[in-house]
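Numbering (the working numbering), first residue to last: 1333 to 1768.
Note that beta-carbon positions come from the ideal geometry of N, C-alpha and C, so glycine has one too.
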RNA sequence: GGAGGUGUGGCAGAGUGGUCGAAUGCACUGGUCUUGAAAACCAGCAUACUUAACGGUAUCGGGGGUUCGAAUCCCUCCGCCUCCGCCA
């Protein structure tokens, strides 16, 4: 509803592409594991054809209506009342038909929108075909330190021992998934945020402090709605959504813009808390800091020329890897397979750090190229050298999400005496060299 | 939260029911002139959909309504301004 209708008019996958590159798109949707891709696409094209047929008739009728209305004005001025009332009678019929067609248009538009919303972005050709996370490709992996020479403790225990995270009072104040950072824990959080922002600034990103609540239009703009409805906290009194990531407000800053080619690349970053309901999560996935309802994250966003977006994807991924190296955390880079990528992405790299005590990998960053999937919704375009308006490409990546970084730092930097060392690069920001 | 005002093209600013997609100025683009520049003059200059093209349709903050016809009248929502209240 609301602006959604207007925003969705140009649709998700561009309807033009769907018309002109039908076979390629169907193949790609099949790669993405979409069921009945061919049938769905053909349905959409059928509805689209119907819509255009109605539109043509409607336009013709409106043209006639405009003409007659104008002639009535003329006739009345000339005092030719009898001709004028004749013409008026004719408009009555046209008007009726227009009303019918308008209703048809509304229905067909709705059908088209609903169907297009079910189609995800198509994967880039370099993305491996697969069904689930098991089919993701490990691109690179750093050396793992698995043997501590003593029994490594999980971060949730370390955090309590050093009194830097208060889980219980978090439950009292709000609920599970809302931990309270305390003392050096809070300070460590602040140090990480500052450090990440400094690095982004040095890499040419402009820092933003966006709103933490967004309206419905913004939620549609970046694709959280309708796909992730129910995963976001919803302030129903004012119909605002608590942001699940800074990607939403920061990308929407540019919604509706037509930028100059010379403004590329647009590089934006920002720190925000992120809010996620995480309905349906359970078990060891939600233990400790592994999955929270509120967490902190620094996000990178880039809006670039379509020719440059894959270069940019590599660039952003390397930026994040640089952070992990500075922090001295063991990590690996994954290329997500078609089935495991998000709904909106064309190609995604995930970065995972190894959590020593849990003996598992934790996702700390996801860097994606959305190509035109988001910009189409956002109507975010640029004028090319021929002065034609074209859609930009948009990308984003976490750099980084804090909780799992904190978990990995605590676990990987724990010493036999129970203390936890702070990596050198963070010490200027924490003001201390170890915890405990 | 209350009262009043206001919302037109990149900007400024006309237009209060009929030939208005919208006067005029500025800015911008191309051209003439000039050694070059300025000035002057000429032309162009919103977006989207549709058409092979001519053309057509929609859009004057958003949505709805009245009318043969709406930028212009009515309803509603949103933004901005002023005053009052409240508040970090």
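For residue i, which residues of its own chain have a beta-carbon under 8 Å away from its beta-carbon, when the five flanking residues on both sides are left out?
i	result
residue 1510	1502, 1503, 1624, 1625, 1626
residue 1597	1634, 1635, 1636, 1637, 1640, 1644
residue 1670	1363, 1364, 1365, 1455, 1459, 1460, 1461, 1462
residue 1558	1449, 1552
residue 1546	1572, 1573, 1575, 1580, 1581, 1584
Return the chain-ordered list of same chain residues with a C-beta closer than 7 Å to the C-beta of residue i, the five sequence neighbours on each side being excluded.
i	result
residue 1495	1514, 1515
residue 1330	The structure shown does not extend to residue 1330, since the chain is modelled only from 1333 to 1768, so the question has no answer here.
From the DSSP output, in three-state form, read off residue i for me.
i	result
residue 1701	strand
residue 1497	strand
residue 1628	strand
residue 1484	coil
residue 1728	strand
residue 1526	helix
residue 1654	helix
residue 1766	strand
residue 1785	Residue 1785 lies beyond the range of the chain shown here (1333 to 1768); nothing can be said about it.
residue 1649	helix
residue 1531	helix
residue 1635	strand
residue 1565	coil
residue 1760	helix
residue 1587	coil
residue 1710	helix
residue 1691	coil
Taking all protein chains shown into account, do 16 or more other C-beta atoms lie within 10 angstroms of the C-beta of residue i, making it buried, or fewer, making it exposed?
i	result
residue 1366	buried
residue 1419	buried
residue 1364	buried
residue 1458	exposed
residue 1523	buried
residue 1536	exposed
residue 1384	exposed
residue 1764	exposed
residue 1746	buried
residue 1676	buried
residue 1685	buried
From residue i to residue j, what distance separates their C-alpha atoms?
i	j	result
residue 1471	residue 1663	11 Å
residue 1694	residue 1549	32 Å
residue 1569	residue 1607	18 Å
residue 1667	residue 1361	18 Å
residue 1445	residue 1519	47 Å
residue 1649	residue 1720	31 Å
residue 1826	residue 1409	Residue coverage of the chain in this structure runs from 1333 to 1768, which leaves residue 1826 outside it and unanswerable.
residue 1584	residue 1658	31 Å
residue 1308	residue 1491	With the chain running from 1333 to 1768 in the structure shown, residue 1308 is simply not present.
residue 1468	residue 1701	17 Å
residue 1390	residue 1380	15 Å
residue 1594	residue 1588	18 Å
residue 1339	residue 1706	Its pLDDT being 35, under 50, residue 1339 is placed unreliably in this model, and the value from its coordinates should be taken loosely. If you take the alpha carbons of residue 1339 and residue 1706, they lie about 11 Å apart.
residue 1766	residue 1483	19 Å
residue 1512	residue 1762	18 Å
residue 1738	residue 1711	38 Å
residue 1476	residue 1532	27 Å
residue 1692	residue 1736	12 Å
residue 1680	residue 1351	26 Å
residue 1425	residue 1378	29 Å
residue 1609	residue 1562	8 Å
residue 1507	residue 1565	14 Å
residue 1544	residue 1578	8 Å
What residue range does the alpha helix (DSSP H) around residue i cover?
i	result
residue 1437	1413-1449
residue 1401	1369-1410
residue 1351	1347-1352
residue 1684	Looking at the DSSP string, residue 1684 is not in any alpha helix (DSSP H); the run it does join, the beta strand (DSSP E), is 1679-1687.
residue 1550	1548-1553
residue 1610	First-last for residue 1610: undefined, no H or E at that position.
In terms of residues, what are the limits of the beta strand (DSSP E) holding residue i?
i	result
residue 1667	1663-1667
residue 1602	1598-1607
residue 1469	1469-1473
residue 1618	Premise fails: residue 1618 is in no beta strand (DSSP E) and is neither H nor E.
Does the Cβ of residue i lie closer than 6 Å to at least one heavy atom of the ligand GDP?
i	result
residue 1528	This structure does not include the ligand GDP; it has no bound ligands of any sort.
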